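A.B. asks:
Right under this line is the structure:
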């Protein structure tokens, strides 16, 4: 019959078809494997070029702000980061002249410490160029491979989070070259910012997508609690603020960019430490036990070795508490008032936290001061012997000059805050630790801060250009303090004083929090450092 075939020709044709059916899938599968071989993994890394605000870095020792000591090779090797491959940062909108979080500290040396089980390198997939449920790759003619392809199309929550961060990086970099974004509340501008456009875009991206999961384990008063009426008040205020927040807090850990460890070091010192025992063991064991609990109960700590987790402390013992668990110290984001680079504070991954002494729990009555023309005193300081710097200051200037009012104890009837409001400059020397509440007190009263501190990273230095509204004086120059301040022209002082008033909004404490205030600036510091970390899923390859 027409179109038919005999048995022999049918058999021959059938054999050919079988061969083709055997070979073609092999070719397709081979091509498919070669395309998708560098699959993502659950390793993470900090980018080779951390997000940078400007090419100038943090202020040098010759300007206001801080000198950040370069990392030694030994300190680089202490970073226990798990990494298989560092990818092309241009694909991530990251480059030497990118826009966030620059310090004078060189980038980390990223060294592999663990290989994948299958021996392949960890690759990165451009999730922003893919959409769920579609693919331009021809699927192999094999059921298991079809299932794998389907799995590749069904991106996880983590994939989507990382894609959102990728878009945020690109938007921030683009904003650096673009026009100022409009904002109904506040538009950052002026020399107080390292890059006002980049900061504003980053802040808006944070508001749009940043989510934080607060671990619910732990009981007050040590967990989910903190002081709100003391020199450590910012610690308690942040814990309360984030737990009450509906915009940034998520109850679903699968939607979280970062994970908060809600213990208060100040409360650990009060309730766990045995006074005068000099035994840090109980605090250390409490932190270890807590991390062990969340490590066993949740997959997120192990997934990144703590790199997308953060702790927060304004107590002097905060850095020591973070050393309880190696990954907490080396990998996690540590938000610390005691931002001392000589004691391991790393501005690339750690964030400086302003120390604010809220004696009444509120800033009411502490904000504002007279204009520059109504400030007759050149500089002011009052405080006891505390640490190595203040004795030098008091030795040279205590009660020796009417222009530099330096006192160990204020005369009877003289108000500390009134003296700040009458002074052009407020001297802020370190105590035993680098942070001092006098910095924020000066800003509140419209007094230009004079920072006398070694190895201190001022708060929000990746955003704020401290040299534009403060003065840094090295300890060795304390004898020349008056000459240094008198050399600043009246015109320059007026500019600095106005900038102090303008940046004050970033240090104000509000309940509930307001946009761009200290609560949101702390969140933004964590957001910036999360942009430096990429966390990957683990997907088996063929």
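Numbering (the working numbering), first residue to last: 4 to 545. Note that beta-carbon positions come from the ideal geometry of N, C-alpha and C, so glycine has one too. Since we're looking at a predicted model, the values are computed, not measured.
(1) Please name the residue in 473, 502, 464 whose C-alpha comes closest to that of residue 529.
(2) Tell me where the beta strand (DSSP E) around residue 332 begins and ends.
(3) Please give me, in chain order, every unbroken run of the beta strand (DSSP E) with length at least 3 that falls completely inside the segment 299 to 377.
(4) Around the Cβ of residue 442, are there at least 16 other Cβ atoms within 10 angstroms (buried) or fewer (exposed)?
(5) Using the C-alpha atoms, what's the distance from residue 340 back to residue 357?
(6) Terminal residues of the continuous alpha helix (DSSP H) containing residue 523?
(7) Apart from the five residues on each side of it in sequence, which residues of its chain come closer than 7 angstroms, Cβ to Cβ, to residue 234?
(8) For residue 374, count the other beta carbons within 10 Å of its own beta carbon; 16 or more makes it buried, fewer makes it exposed. Which is it?
(9) Can you give the Cα-Cα distance for residue 409 and residue 433, rounded to whole angstroms?
(10) Who are the Cβ neighbours of residue 160 in its own chain at under 7 angstroms, not counting the five residues just before and after it?
(11) So what's residue 62 in DSSP terms, helix, strand or just coil?
(12) So if DSSP puts residue 426 in a beta bridge, which residue, or which two residues, is it bridged to?
(13) From the DSSP secondary-structure annotation, give me the bridge partner or partners of residue 455.
(14) Is residue 385 helix, strand or coil by DSSP?
(15) Pair every Cβ in the segment 285 to 297 with every Cβ in the segment 210 to 223, then say whether three or more of these pairs are closer than 8 angstroms.
(16) Tell me, please, which residues DSSP counts as bridged to residue 196.
(17) Run the CB neighbour count on residue 422, radius 10 Å, all protein chains shown included, and call it buried at 16 or more, exposed below.
(18) Could you give the residue range of the beta strand (DSSP E) that holds residue 537?
(19) In whole angstroms, what separates the C-alpha of residue 488 from that of residue 524?
(20) Would you mind stating whether residue 354 and residue 334 have Cβ atoms separated by less than 8 angstroms?
(21) For residue 363, which residues in the same chain have their Cβ closer than 7 angstroms to its Cβ, ignoring the five residues on either side in sequence?
(22) So what does DSSP say about residue 202, is it helix, strand or coil?
(23) Which term fits residue 493, buried or exposed, when burial requires 16 or more other beta carbons within 10 angstroms of its beta carbon?
(24) Starting from residue 168, follow the alpha helix (DSSP H) in both directions and report where the run begins and ends.
(25) Check residue 409 in the structure and name its three-state DSSP category.
(26) Near residue 277, what residues of its chain come up, given a Cβ to Cβ distance below 8 angstroms and the 5 sequence neighbours on each side ignored?
(27) Quick one: using the 10 Å Cβ neighbour count with 16 as the cut-off for buried, is residue 300 buried or exposed?
(28) For residue 498, which three-state DSSP category applies?
(29) Going by C-alpha to C-alpha distance, which of 206, 420, 313 sits closest to residue 445?
(30) Buried or exposed: which applies to residue 367, given that a residue is buried once 16 or more other Cβ atoms fall within 10 Å of its Cβ?
(31) Flag this pair as touching only if the segment 263 to 283 and the segment 311 to 318 have three or more C-beta atom pairs under 8 angstroms; answer yes or no.
(32) Do residue 298 and residue 305 have their C-beta atoms within less than 8 angstroms of each other?
(33) Where residue 351 and residue 416 are concerned, what is the direct C-alpha to C-alpha distance, given to the nearest angstrom?
(34) Can you give me the C-alpha to C-alpha distance between residue 65 and residue 346, rounded to a whole angstrom?
(35) Contact check, residue 390 vs residue 450 under 8 angstroms by CB: the rounded distance?
(36) Taking just the CA atoms, how far does residue 163 sit from residue 89?
C.D. replies: Reading from the atomic positions:
(1) Taking the Cα of residue 529 as reference, the smallest distance to any Cα among 473, 502, 464 is reached at 464.
(2) In the DSSP assignment, residue 332 falls outside any beta strand (DSSP E) and lies within the alpha helix (DSSP H) extending over 329 to 333.
(3) The segment 299 to 377 contains these whole beta strand (DSSP E) runs: 312 to 316, 336 to 339.
(4) Buried: at least 16 other Cβ atoms inside 10 Å.
(5) A straight-line Cα-Cα distance of about 6 angstroms links residue 357 and residue 340.
(6) Counting along the chain, the alpha helix (DSSP H) containing residue 523 begins and ends at 521 to 533.
(7) If we look at residue 234 and ignore the five residues flanking it on each side, its Cβ neighbours are 358, 360, 440.
(8) By the 10 Å Cβ count, residue 374 comes out exposed.
(9) Going by the C-alpha atoms only, they are around 15 angstroms apart.
(10) Around residue 160: 257, 258.
(11) Low local confidence applies: a pLDDT of 33 at residue 62 is under 50, so the model's placement there is unreliable, with the coordinate-based value given in what follows. The answer is coil: DSSP assigns residue 62 none of H, G, I, E or B.
(12) According to the DSSP secondary-structure assignment, residue 426 is paired through a beta bridge with 380.
(13) Paired residue(s): 432.
(14) Here residue 385 sits in strand by DSSP.
(15) A contact is defined here as three or more CB-CB pairs under 8 angstroms, and the segment 285 to 297 meets this definition with respect to the segment 210 to 223.
(16) Paired residues: 467.
(17) Buried: at least 16 other Cβ atoms inside 10 Å.
(18) Following the DSSP letters along the chain, one finds residue 537 inside the beta strand (DSSP E) bounded by residues 536 to 538.
(19) So the two alpha carbons sit approximately 30 angstroms from each other.
(20) Result no, Cβ atoms of residue 354 and residue 334 do not sit closer than 8 angstroms.
(21) Taking C-beta separations shorter than 7 angstroms and ignoring five residues to either side along the sequence, the partners of residue 363 in its chain run 232, following chain order.
(22) Shown here, residue 202 sits in a helix according to DSSP, grouped into three states.
(23) Counting the other Cβ atoms within 10 Å of the Cβ of residue 493 gives fewer than 16, which makes it exposed.
(24) 160 to 180 is the extent of the alpha helix (DSSP H) around residue 168.
(25) Here residue 409 sits in strand by DSSP.
(26) Result list for residue 277: 285, in chain order.
(27) With fewer than 16 other Cβ atoms within 10 Å, it is exposed.
(28) If DSSP states are grouped into helix, strand and coil, residue 498 belongs with the helices.
(29) When only C-alpha atoms are compared, the closest one is 420.
(30) Exposed, since its Cβ has fewer than 16 Cβ neighbours within 10 Å.
(31) A contact exists between the segment 263 to 283 and the segment 311 to 318.
(32) Result yes, Cβ atoms of residue 298 and residue 305 sit closer than 8 angstroms.
(33) Cα to Cα, residue 351 sits roughly 46 angstroms from residue 416.
(34) The pLDDT assigned to residue 65 is 32, lower than 50, so where the model puts this residue is not dependable; a value taken from the coordinates is nonetheless given after this. Pairing residue 65 with residue 346, the inter-Cα distance amounts to about 22 angstroms.
(35) Their Cβ separation, rounded to whole angstroms, is 21 angstroms, which puts residue 390 and residue 450 out of contact at 8 angstroms.
(36) With a pLDDT of only 25 at residue 89, under the threshold of 50, the placement of this residue in the model should not be trusted, and no figure is reported.
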